[in-house]
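Input: a single structure, listed below in structure tokens.
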Amino acid sequence: MSDDLAVDGDVYVSPRYLAGSTFTGDPALRPLLALGWRTRHDEDGNVYLSSPDSKVRLGYLPEGEDDGLWRISAYDDVFAQPHWGVCFSDTVPTEFVTAFTTALAQAYTDGPDTYLSSSAGRRPSAFDAVAPLITRGWTLQPPREGVIKVDSADGMAGLEYAITQVDPARELTTTEARWYLWGGVGAARWYATASTHTPVPLVTAITTAVGDPAPLPRWKAAMPRALREAAQLTPVMPPPPPAPTPLDVRRTAARRPPALGTVSVPRWSTTSRPAAPPVSHTTGPRR
7 MSDDLAVDGD
17 VYVSPRYLAG
27 STFTGDPALR
37 PLLALGWRTR
47 HDEDGNVYLS
57 SPDSKVRLGY
67 LPEGEDDGLW
77 RISAYDDVFA
87 QPHWGVCFSD
97 TVPTEFVTAF
107 TTALAQAYTD
117 GPDTYLSSSA
127 GRRPSAFDAV
137 APLITRGWTL
147 QPPREGVIKV
157 DSADGMAGLE
167 YAITQVDPAR
177 ELTTTEARWY
187 LWGGVGAARW
197 YATASTHTPV
207 PLVTAITTAV
217 GDPAPLPRWK
227 AAMPRALREA
237 AQLTPVMPPP
247 PPAPTPLDVR
257 RTAARRPPAL
267 GTVSVPRWST
277 TSRPAAPPVS
287 HTTGPRR
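What follows is the structure in structure tokens.
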């Protein structure tokens with residue numbers, strides 16, 4: 007776990023796919039802003055980022071038309087349909103989006119062969135993105151109805167990979183995409199989608215973040231009740247006070263009040279006390 011002094015929350019949530027959103031987009035935007043990507047805002051408060059060549063674009067859409075909070079797309083031709091697209095819903099743990107944008111920032115720095123087609127060096131297979139989940143104990147299911155599924159041990163998260171033909175237009179605008187990742191329970195369920203041509207290393211960045219066993223910090227009161235009840239919550243404990251230095255010890259000693267001096271206490275003599283004088287009994291005169 008990270009240094010508790012820097013933790014933004016009062017509980018650690020495990021498994022992390024039950025943590026829910028942090029409701030702030032700044033951490034996920036930061037890797038791309040660091041590259042100098044252009045930023046604009048609309049009147050509704052949505053944020054749009056674009057690379058210097060406009061071939062990669064991101065929309066952070068808290069006031070969007072649906073529950074797709076994050077939409078990222080890349081283009082061979084800036085005036086054509088996107089070459090690939092990724093979407094994260096509004097309840098997804100923000101750390102998963104940050105993992106993706108961090109990988110995207112590096113891919114963009116490496117060049118088009120990396121962020122458009124993954125054609126640099128060995129061409130990754132889809133299993134490369136599944137492997138991080140298998141390694142963490144997720145179960146690979148037999149293909150069924152054209153879909154390969156990988157499920158978490160508790161059944162509260164899963165990955166679906168379509169092995170049949172996918173409509174190129176629909177997978178960019180709906181959840182009917184090549185890759186469909188989900189987690190959570192009830193109304194707090196989240197999803198992430200990636201279209202056919204999304205570079206596998208970028209998808210792998212998401213699955214690696216989802217499968218990571220490290221818990222995520224959250225404010226318990228801000229979590230949906232369904233997640234609080236389903237997840238394991240561990241209180242964030244304040245760190246123990248540091249051990250005192252020699253200077254601290256000297257300062258404490260200087261402030262300490264002086265010890266009491268010796269007080270003279272009278273003692274009883276061991277000799278016998280003198281006998282008390284006899285009591286005089288006065289009698290009246292006889293008659």
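Under our numbering, the first residue of the sequence shown is numbered 7, with each subsequent residue one higher.
Glycine included, every Cβ here is placed at the ideal spot set by N, Cα and C.
Given the structure is predicted, the values throughout are model-derived calculations rather than measurements.
The shortest CA-to-CA distance from TYR18 to any of ARG261, PRO252, PRO248, ARG234 is the one to ARG234. Residue environment for GLY143: exposed (fewer than 16 other C-beta atoms within 10 angstroms of its C-beta). The beta carbon of MET162 sits closer than 8 Å to those of PRO21, TYR23, LEU24, GLY189, GLY190, VAL191, ALA236, all from its chain and outside the five residues before and after it, given in chain order. Residue state for ARG44 is assigned as strand, using DSSP reduced to three classes. A Cβ-Cβ contact shorter than 8 Å links THR204 with VAL92.
For PHE106, the number of other beta carbons within 10 angstroms of its own is at least 16, and it is reported as buried. Along the length of the segment 166–228, whole alpha helix (DSSP H) runs at least 4 residues long occupy 176–179, 206–217, reported in chain order. For TYR81, there is no enclosing alpha helix (DSSP H), since its DSSP letter is neither H nor E. Taking 8 Å as the cut-off, the Cβ atoms of GLY31 and TYR54 do not count as close. With a threshold of 16 other beta carbon atoms within 10 Å, PHE29 falls short and is exposed.
In the displayed model, LEU55 falls within a strand according to three-state DSSP. In this structure, the beta-carbon distance from SER56 to GLY74 does not fall below 8 Å. At a Cβ-Cβ threshold of 8 Å, LEU41 and TYR114 count as neighbours.
The C-alpha of PRO148 lies about 27 Å from the C-alpha of ALA175.
In the displayed model, ALA113 falls within a helix according to three-state DSSP. In this structure, DSSP gives PRO241 an extended state, which the three-state scheme calls strand. Residue range 62–66 is occupied by the beta strand (DSSP E) that includes TYR66. By the CB criterion at 8 Å, THR104 and ALA12 fall outside the cutoff. At a Cβ-Cβ threshold of 8 Å, ALA135 and GLY152 do not count as neighbours. The bridge partners DSSP lists for ILE154 are TYR167. The beta carbon of GLU182 sits closer than 6 Å to those of ARG176, all from its chain and outside the five residues before and after it, given in chain order. Of the other Cβ atoms in all chains shown, fewer than 16 fall within 10 Å of the Cβ of MET243; this residue is therefore exposed. In this chain, the beta strand (DSSP E) harbouring TYR18 covers 17–20.
When DSSP states are grouped into helix, strand and coil, LEU24 belongs to the helix group.
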